[in-house]
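Asks:
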Amino acid sequence: MYRTRGTLLGVVAAVAAAGLLAGCGDEESTATSTPTLSTPAAAPSASSAPASPAESQAPAPEGEAPAPEQPAEPEAPPVEPERPAPVPPEATESGQLGEKEQTFVDELGKQGVTPSSPDIALSIGNYVCQGVAAGTSDADMATFVNAMAGSDPSFDPAKMPVEQAGQIYINTAKAHYC
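Numbered per mature numbering (1 follows the signal peptide of the UniProt record, and there is no 0), the sequence shown spans residues -22 to -1, 1 to 156.
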């Protein structure tokens, strides 16, 4: 019984909130509906002279609200995401690879696996080396290596299956990176 009351009160509160929010739409809908409601009310009662000053006061707050200026502010954030360029950092990182890391990436390329970034290949290689040091079998590592290899943006499943790419990563890391 308490659940029913709670649910009922929740539904009533949600409907009331929806009604209030619907009534508080943008300022244009409120401004349009206010004169429309006042005009029919003013037409039947000719003695509503004080209502005219009230009506003239209503447009003043509407004119003060800077609604057009607020949409101008969100234009600034789209400019910020356009500034960073991810391509130059990747190019400089590949120049900072050590001999062992560069050999590993080159051997992957010879095997037909070209990672989009050396960082991806090195992350997979580090995972394989940690697994080898911990005594993890290739089959146990393959699940995560396949997932990491398949998530590389440059991986093309039409060229080779993800399992084959994962096995290439494991074999190459064992031979040239660990």
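C-beta atoms are modelled at their ideal positions from N, C-alpha and C, and glycine is treated no differently.
As the structure is a prediction and not an experimental result, all values here were calculated from the model.
Considering only the alpha carbon of each residue, which of 156, 111, 113 and 149 lies closest to residue 124?
Replies: Within the sequence shown, numbered from 1, the residue matching residue 124 stands at position 146. The option with the nearest alpha carbon to residue 124 is 149.
Asks: Measuring only the C-alpha atoms, how far is residue 86 from residue 130?
Replies: Taking the first residue of the sequence shown as 1, we reach residue 86 at position 108. Taking the first residue of the sequence shown as 1, we reach residue 130 at position 152. Rounded to the nearest angstrom, the two C-alpha atoms are 14 Å apart.
Asks: From the DSSP output, in three-state form, read off residue -8 for me.
Replies: In the sequence shown, counting from the first residue as 1, residue -8 sits at position 15. Reduced to three states, the DSSP call for residue -8 is helix.
Asks: For residue -8, count the other beta carbons within 10 Å of its own beta carbon; 16 or more makes it buried, fewer makes it exposed. Which is it?
Replies: Locating residue -8 in the sequence shown gives position 15, counting from the first residue. By the 10 Å Cβ count, residue -8 comes out exposed.
Asks: Compute the Euclidean distance between the alpha carbons of residue 128 and residue 140, then round it to the nearest angstrom.
Replies: In the sequence shown, the residue the question calls residue 128 occupies position 150. In the sequence shown, the residue the question calls residue 140 occupies position 162. Looking at the two C-alpha atoms, the distance is approximately 6 Å.
Asks: So, at 6 Å on beta carbons, what are the nonlocal neighbours of residue 81 in its own chain, with the 5 sequence-adjacent residues on each side left out?
Replies: Within the sequence shown, the letter at position 103 stands for residue 81. Contacts found: 154.
Asks: Throw me the rounded Cβ distance for the residue 93 and residue 132 pair, which I believe falls under 8 Å.
Replies: The residue labelled residue 93 in the question sits at position 115 within the sequence shown. The residue labelled residue 132 in the question sits at position 154 within the sequence shown. Correct: roughly 6 Å between the Cβ atoms.
Asks: Give every residue of the same chain whose Cβ lies closer than 7 Å to the Cβ of residue 110, excluding the five residues on either side of it in the sequence, and list them in chain order.
Replies: The residue given as residue 110 occupies position 132 in the sequence shown. Cβ neighbours of residue 110 beyond the five flanking positions: 152 and 156.
Asks: Going by CA-CA distance only, name the one from 120, 105 and 100 that's closest to residue 77.
Replies: Translated into the one-based positions of the sequence shown, residue 77 becomes position 99. Of the listed residues, the one whose Cα sits closest to residue 77 is 100.
Asks: Please report the residue range of the alpha helix (DSSP H) in which residue 145 lies.
Replies: Numbered from its first residue, the sequence shown carries residue 145 at position 167. Counting along the chain, the alpha helix (DSSP H) containing residue 145 begins and ends at 140 to 154.
Asks: Should residue 106 be labelled buried (16 or more other beta-carbon atoms within 10 Å of its own) or exposed?
Replies: As a working mapping, residue 106 is identified with position 128 in the sequence shown. Label assigned to residue 106: buried.
Asks: Skipping 5 residues on each side, what residues in its chain have a beta carbon closer than 6 Å to that of residue 143?
Replies: Locating residue 143 in the sequence shown gives position 165, where the first residue counts as 1. Same-chain partners within the cutoff: 91 and 127.
Asks: Applying the criterion that 16 or more other CB atoms from any shown protein chain within 10 Å of the CB defines a buried residue, is residue 103 buried or exposed?
Replies: Working through the sequence shown from its first residue, we reach residue 103 at position 125. Looking at its Cβ environment, which holds 16 or more other Cβ atoms inside 10 Å, residue 103 is buried.
Asks: What does the alpha-carbon distance come out to for the pair residue 79 and residue -6?
Replies: Along the sequence shown, read from residue 1 onward, the residue named residue 79 stands at position 101. Along the sequence shown, read from residue 1 onward, the residue named residue -6 stands at position 17. Near 60 Å, if we compare the C-alpha coordinates of residue -6 and residue 79.
Asks: Alpha carbons only, please: which of 116, 115, 147 and 120 is nearest the one belonging to residue 84?
Replies: Within the sequence shown, numbered from 1, the residue matching residue 84 stands at position 106. The shortest Cα separation from residue 84 among 116, 115, 147 and 120 belongs to 147.
Asks: Look at the alpha carbon of residue 138 and the alpha carbon of residue 119, and state the distance between them as a whole number of angstroms.
Replies: The residue labelled residue 138 in the question sits at position 160 within the sequence shown. The residue labelled residue 119 in the question sits at position 141 within the sequence shown. Rounded to whole angstroms, residue 138 to residue 119 spans 19 Å at the Cα level.
Asks: Taking the alpha-carbon positions, what's the residue 32 to residue -15 distance?
Replies: Looking up residue 32 in the sequence shown gives position 54. Looking up residue -15 in the sequence shown gives position 8. Annotation note: pLDDT 46 at residue 32 (below 50); position unreliable, coordinate value reported separately. Near 40 Å, if we compare the C-alpha coordinates of residue -15 and residue 32.
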